[in-house]
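Peer 1: Quick one: the structure is below, and I'll ask about it shortly.
Residue numbers (the UniProt record's numbering): 1 to 238.
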């Protein structure tokens with residue numbers, strides 16, 4: 001079959017299965033490595049915001065401590081295996097590009113990794129601590145904070161991962177622009193809808209219903225949208 005000949009549905013499904021198997025295998029391998037070699041370091045890193053507040057986690061069942069460490073290492077495994085996973089994802093999407101534009105894969109994957117790490121880092125250093133302080137302090141007096149280990153790790157990962165995904169927006173804008181699916185004029189016209197949608201997305205993906213945490217996610221999405229408008233204009237088809 002010629003390289004430029006469209007793939008059949010069966011071939012797409014086989015390629016998707018290959019993508020999922022390789023991505024999942026990489027994630028499991030690095031998760032296992034993190035668990036057996038660096039579980040304490042990973043756990044200390046993810047619980048550092050609590051240490052700054054002089055709070056400690058508790059386990060409510062004998063199994064919860066093990067699951068909390070495993071959850072922390074699963075997140076670390078995801079971060080370490082990002083280059084493999086994103087390479088597989090973009091490789092799967094690659095057939096949608098024209099032959100002359102497939103060279104962008106070499107550039108897209110490193111930028112995709114950096115954007116994900118940037119989003120997760122932004123969430124860790126600027127959002128996580130603020131959200132924890134707000135939620136605990138606004139509870140007022142009469143409560144003694146006793147955070148379950150697994151619940152806390154679930155809260156952390158549900159903040160960090162969505163931020164990493166949302167930070168892919170400028171790259172997606174570049175990709176869709178090169179495919180001719182969007183233009184900067186269209187994005188400018190839809191700006192007011194994008195602002196509303198940003199708060200809707202924030203309300204869906206953030207693990208808490210408070211307006212502070214949702215705003216801390218919605219505002220970066222709006223900023224990323226504006227960056228995407230500029231990228232769309234910069235790389236528009238002439």
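Glycine included, C-beta positions come from ideal geometry on N, C-alpha and C.
If you draw a straight line from the alpha carbon of residue 174 to that of residue 168, how long is it in whole angstroms?
Peer 2: Here residue 174 refers to the residue found at position 174 of the chain shown. Here residue 168 refers to the residue found at position 168 of the chain shown. Distance between the alpha carbons of residue 174 and residue 168: 10 Å.
Peer 1: Using a 10 Å radius around the Cβ and a threshold of 16 neighbouring Cβ atoms, would you call residue 152 buried or exposed?
Peer 2: The sequence position of residue 152 within the chain shown is 152, counting from 1. Residue 152 is buried by the Cβ-count criterion.
Peer 1: Quick one: what does DSSP say residue 216 is sitting in, helix, strand or coil?
Peer 2: As a first step, residue 216 must be located in the chain shown, where it is residue number 216. Of the three classes helix, strand and coil, the one that applies to residue 216 here is helix, per DSSP.
Peer 1: Under a three-way DSSP split, which group does residue 229 fall into?
Peer 2: Here residue 229 refers to the residue found at position 229 of the chain shown. Residue state, collapsed to three classes: helix.
Peer 1: Exposed or buried, which one is residue 16 when buried takes at least 16 other CB atoms within 10 Å?
Peer 2: As a working mapping, residue 16 is identified with position 16 in the chain shown. Exposed.
Peer 1: Report all residues from its chain with a CB closer than 7 Å to the CB of residue 195; omit the five preceding and five following residues, and keep chain order.
Peer 2: In the chain shown, counting from the first residue as 1, residue 195 sits at position 195. 222.
Peer 1: Could you tell me how far apart the beta carbons of residue 216 and residue 147 are, in whole angstroms, since I believe they sit closer than 8 Å?
Peer 2: The residue labelled residue 216 in the question sits at position 216 within the chain shown. The residue labelled residue 147 in the question sits at position 147 within the chain shown. Actually they are not in contact, since the Cβ atoms of residue 216 and residue 147 sit about 20 Å apart, beyond 8 Å.
Peer 1: What residue from 26, 72, 32 and 28 has the CA that sits closest to residue 44's CA?
Peer 2: Along the chain shown, one-based indexing puts residue 44 at 44. Selected option, being the one with the closest Cα: 72.
Peer 1: Less than 7 Å separating the beta-carbons of residue 207 and residue 150?
Peer 2: Working through the chain shown from its first residue, we reach residue 207 at position 207. Working through the chain shown from its first residue, we reach residue 150 at position 150. Contact flag unset, no.
Peer 1: Determine contact between the region 83–94 and the region 176–184, defined as no fewer than three beta-carbon pairs at a distance below 8 Å.
Peer 2: Short answer: they don't touch.
Peer 1: Excluding the 5 residues flanking residue 78 on each side, which residues of the same chain have their C-beta closer than 7 Å to its C-beta?
Peer 2: Translated into positions along the chain shown, residue 78 becomes position 78. 27.
Peer 1: Applying the criterion that 16 or more other CB atoms from any shown protein chain within 10 Å of the CB defines a buried residue, is residue 268 buried or exposed?
Peer 2: In this structure the chain extends from 1 to 238, so residue 268 is not present and cannot be described.
Peer 1: Can you give the Cα-Cα distance for residue 82 and residue 135, rounded to whole angstroms?
Peer 2: Counting from 1 along the chain shown, the entry for residue 82 is found at position 82. Counting from 1 along the chain shown, the entry for residue 135 is found at position 135. Answer to the nearest angstrom: the Cα atoms are 31 Å apart.
Peer 1: When the Cα of residue 66 is compared with those of 75, 119 and 39, which residue comes out closest?
Peer 2: Walking along the chain shown from the start, residue 66 turns up at place 66. Residue 66 has its Cα closest to that of 39, out of 75, 119 and 39.
Peer 1: Residue 166 to residue 144, Cα distance in whole Å?
Peer 2: By 1-based counting over the chain shown, the position of residue 166 is 166. By 1-based counting over the chain shown, the position of residue 144 is 144. Going from the Cα of residue 166 to the Cα of residue 144 covers about 34 Å.
Peer 1: With DSSP as the reference, please indicate the residues paired to residue 148 in a beta bridge.
Peer 2: Start at 1 with the first residue of the chain shown, and residue 148 comes out as number 148. According to DSSP, which records beta bridges pairwise, residue 148 is partnered with 58.
Peer 1: If the criterion is Cβ atoms closer than 7 Å, does the pair residue 19 and residue 131 meet it?
Peer 2: Here residue 19 refers to the residue found at position 19 of the chain shown. Here residue 131 refers to the residue found at position 131 of the chain shown. For residue 19 and residue 131, no; Cβs fall outside 7 Å.
Peer 1: Where does residue 23 sit, in a helix, a strand or coil, going by DSSP?
Peer 2: Against the chain shown, residue 23 aligns to sequence position 23. Reduced to three states, the DSSP call for residue 23 is helix.
Peer 1: So residue 177 and residue 232 are supposed to be a Cβ contact under 8 Å. How far apart are they, rounded?
Peer 2: Reading the chain shown from its first residue, position 177 is the one you call residue 177. Reading the chain shown from its first residue, position 232 is the one you call residue 232. With 8 Å as the limit, residue 177 and residue 232 qualify as a contact, their Cβ atoms being about 5 Å apart.
Peer 1: How big is the Cα-Cα spacing for residue 59 and residue 49?
Peer 2: Mapped onto the chain shown, residue 59 falls at position 59. Mapped onto the chain shown, residue 49 falls at position 49. Cα to Cα, the separation comes out at about 18 Å.
Peer 1: Tell me whether residue 182 sits in a helix, a strand or coil according to DSSP, three-state version.
Peer 2: If you number the chain shown from 1, residue 182 lands on position 182. Residue 182 falls in the coil class under three-state DSSP.
Peer 1: From this set, 114, 64 and 63, which residue's C-alpha is nearest residue 86's C-alpha?
Peer 2: In the chain shown, the residue the question calls residue 86 occupies position 86. Looking at the Cα atoms, 114 is the closest of the given residues.
Peer 1: By a C-beta neighbour count over all protein chains shown, 10 Å radius and 16 as the cutoff for buried, is residue 193 buried or exposed?
Peer 2: Indexing the chain shown from 1 puts residue 193 at position 193. Burial call: exposed.
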